[in-house]
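Asks: For what it's worth, our numbering labels the leading residue of the sequence shown as 211, then goes sequentially.
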Amino acid sequence: MDPILAVVIFIVGLVFGSFLNVCISRIPRGLSVIAPRSFCPNCTRPIAARDNIPVISWILLRRRCRSCGHAISLSYPMVELLTAILFVACYASFGQTRMALKASILCFLLVGLIFMDAETGLLPAEFTYPGIALGLLLARTIPVDASGTDFLMREFGVRSTFSLSATSFLDALIAALFGAAFFFLAWAGYYLVRKRDGVGFGDIAMMAMVGTLLGLKLTLLVVFLAPVMASLYALTLFVRPPVPAGEPRPTSFLVREVPFGVFLGISALISLFLGQGIWRWYLSLFL
Ligand SMILES: [Zn+2]
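1. Using DSSP bridges, identify the partner residues of Arg274.
2. Expressed to the nearest angstrom, what Euclidean distance is found between the alpha-carbon atoms of Ser235 and Gly367?
3. Assuming Leu292 contacts Val321 under a Cβ cut-off of 8 Å, what Cβ separation, rounded to an integer in Å, is found between them?
4. Is the Cβ-Cβ distance between Leu333 and Leu323 less than 9 Å?
5. Straight-line CA distance for Pro437 to Ala258?
6. Using beta-carbon positions only, say whether Leu362 and Ile342 come within less than 9 Å of one another.
7. Are the stretch 298 to 306 and the stretch 226 to 246 touching by the rule of at least three beta carbon pairs closer than 8 Å?
8. Using 10 angstroms around the beta-carbon of Leu495, count the other beta-carbons present and answer buried if the total reaches 16, otherwise exposed.
9. For a test of the three-state rule: what should DSSP assign to Pro246, helix, strand or coil?
10. Can you determine whether any heavy atom of ligand 1 sits closer than 8 Å to the C-beta of Arg247, and answer yes or no?
11. Pro334 by DSSP, collapsed to three states: which one?
12. Roughly how many whole angstroms lie between the Cα atoms of Cys278 and Thr254?
13. What is the DSSP secondary structure of Pro256, counted as helix, strand or coil?
14. Rank Ile282, Ile237 and Arg273 by C-alpha distance to the C-alpha of Ala335 and give the top, closest one.
15. Excluding the 5 residues preceding and the 5 following Glu329 in the sequence, name in chain order all residues of the same chain whose CB lies nearer than 8 Å to its CB.
16. Could you say if the stretch 387 to 397 and the stretch 439 to 447 meet the contact criterion of at least three C-beta pairs nearer than 8 Å?
17. Could you tell me if the beta carbon of Phe277 falls within a distance shorter than 8 Å of some heavy atom in ligand 1?
18. Ligand 1 heavy atoms versus the CB of Val252: any closer than 8 Å?
19. Which of the three DSSP states, helix, strand or coil, is assigned to Val368?
20. Can we count Arg260 as close to ligand 1, meaning its CB is less than 8 Å from some heavy atom?
21. Can you find the residues in the same chain that come closer than 8 Å, C-beta to C-beta, to Pro469, ignoring five residues on each side of it along the sequence?
22. How many angstroms separate the CA atom of Leu296 from the CA atom of Gly345?
23. If you check the beta carbons only, do Lys427 and Ala356 fall under 9 Å apart?
24. Take the Cβ of Leu464 as the centre, count every other Cβ of all protein chains shown within 10 Å, and call the residue buried at 16 or more, exposed below.
25. Pull up the CB-CB distance for Ala349 and Leu424, whole angstroms please, since I reckon it's below 8 Å.
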């Protein structure tokens, strides 16, 4: 790993994280991410360029707006730092390759979706749909790990004459359909039983996006991890201190208060960086 390149990637990550902050605060409200320029959400005065430097401005301004003194949320520097760290992690994991670039795109989309879901409960199509298109487009030139599809074809006795790029595209497509179908069935089952939404269509689109960018093998891990993490989180809602009198207690697992996209996003990040290792460990239990 070249330390100078790592620093450059870190700074690029901060800049992309800063743009993500604009997306996170505007897209769920239906506002443009291009115009107007950055403004304080409290006093709506424009933010000067010197006050808009990722992380540094937040520290120098002592977490307050220069005009009105309103507190600036911790989530701004968090998004910037997280994006920068993940970009460097992509470089560290995949080297100076096109795969590192593709992994960075996935991280960018995931951080945006995680924070939008946590803050607004929305997973906007402005992120998920282009993510699906990009995943399918990139699957041909920057192949996914298509060993899941290879395995299926062997099991079903299909003699593959596909090229590497065609197999990768097929794998990305199967992963998206499988992931989406899995959560669609979960949603439909839950809806039939409870007459209420458990996972939403935003979650299903996000799962399809993750599928096209990760491929079937790593997507299987996400499909397993995300509900486990969401359920563990839901359990902590039960063991929390008593709810003040008069307020309703959460009574069900998949209440919408559990931001499922957050766990989907974290699971996808785990699968991106640790998925191959987790699969090797899992398979070693049986081989
Ligand atoms: Zn202000």
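No residue lacks a Cβ here, since even glycine has one placed at the ideal position from N, Cα and C.
Replies: On the basis of the data shown:
1. On the sequence shown, position 64 is the one that residue 274 refers to. The partner list for Arg274 (beta bridge, DSSP) reads Ala281.
2. Taking the first residue of the sequence shown as position 1, residue 235 is located at position 25. Taking the first residue of the sequence shown as position 1, residue 367 is located at position 157. So the alpha carbons of these two residues sit roughly 50 Å apart.
3. Translated into positions along the sequence shown, residue 292 becomes position 82. Translated into positions along the sequence shown, residue 321 becomes position 111. About 6 Å separates the Cβ atoms of Leu292 and Val321, confirming a contact at the 8 Å cut-off.
4. As a working note, residue 333 is residue 123 in the sequence shown. As a working note, residue 323 is residue 113 in the sequence shown. Yes, Cβ-Cβ distance for Leu333 and Leu323 is below 9 Å.
5. To locate residue 437, count along the sequence shown from 1; it is residue 227. To locate residue 258, count along the sequence shown from 1; it is residue 48. The alpha-carbon atoms of Pro437 and Ala258 are separated by roughly 43 Å.
6. Here residue 362 refers to the residue found at position 152 of the sequence shown. Here residue 342 refers to the residue found at position 132 of the sequence shown. No, the pair does not count as a contact, with Cβ atoms beyond the cut-off.
7. no
8. Indexing the sequence shown from 1 puts residue 495 at position 285. Under this definition Leu495 is an exposed residue.
9. What you label residue 246 is simply residue 36 of the sequence shown in a count that begins at 1. Coil at Pro246, not helix or strand.
10. Counted from its first residue, the sequence shown places residue 247 at position 37. No.
11. To locate residue 334, count along the sequence shown from 1; it is residue 124. Looking at Pro334 - three-state DSSP - the assignment turns out to be coil, as it is neither helix nor strand.
12. In the sequence shown, the residue the question calls residue 278 occupies position 68. In the sequence shown, the residue the question calls residue 254 occupies position 44. Answer to the nearest angstrom: the Cα atoms are 9 Å apart.
13. The residue given as residue 256 occupies position 46 in the sequence shown. In the structure shown, Pro256 sits in a strand (DSSP, three-state: E or B).
14. Counting from one through the sequence shown, the residue named residue 335 turns up at place 125. Of Ile282, Ile237 and Arg273, the residue nearest in Cα terms is Ile237.
15. On the sequence shown, position 119 is the one that residue 329 refers to. Correct list, in chain order: Ile234, Pro238 and Ser285.
16. no
17. Residue numbering aside, residue 277 sits at position 67 when the sequence shown is read from its first letter. Sequence inspection shows Ser at residue 277; the Phe mentioned does not correspond to that position. At least one heavy atom of ligand 1 is nearer than 8 Å to the Cβ of Ser277, so yes.
18. Along the sequence shown, one-based indexing puts residue 252 at 42. Going by the sequence as given, residue 252 is Asn instead of Val. Checking every heavy atom of ligand 1 against the Cβ of Asn252, one is found closer than 8 Å.
19. If you number the sequence shown from 1, residue 368 lands on position 158. Note: Val368 maps to coil in three-state DSSP.
20. The sequence position of residue 260 within the sequence shown is 50, counting from 1. It does not: the Cβ of Arg260 is nowhere closer than 8 Å to a heavy atom of ligand 1.
21. Locating residue 469 in the sequence shown gives position 259, where the first residue counts as 1. Closer than 8 Å at Cβ, skipping near neighbours: Asp327, Ala328 and Gly331.
22. Residue numbering aside, residue 296 sits at position 86 when the sequence shown is read from its first letter. Residue numbering aside, residue 345 sits at position 135 when the sequence shown is read from its first letter. Looking at the two C-alpha atoms, the distance is approximately 18 Å.
23. For the purposes of this step, residue 427 is taken as the residue at position 217 of the sequence shown. For the purposes of this step, residue 356 is taken as the residue at position 146 of the sequence shown. In contact: Lys427 and Ala356 (Cβ atoms closer than 9 Å).
24. By one-based count along the sequence shown, residue 464 stands at place 254. The predicted position of Leu464 is uncertain, since its pLDDT is 40 and thus under 50; a value taken from the coordinates is nonetheless stated next. When all chains shown are included, Leu464 counts as buried.
25. Reading the sequence shown from its first residue, position 139 is the one you call residue 349. Reading the sequence shown from its first residue, position 214 is the one you call residue 424. Between Leu424 and Ala349 the Cβ distance is about 10 Å, and since that is not below 8 Å, they are no contact.
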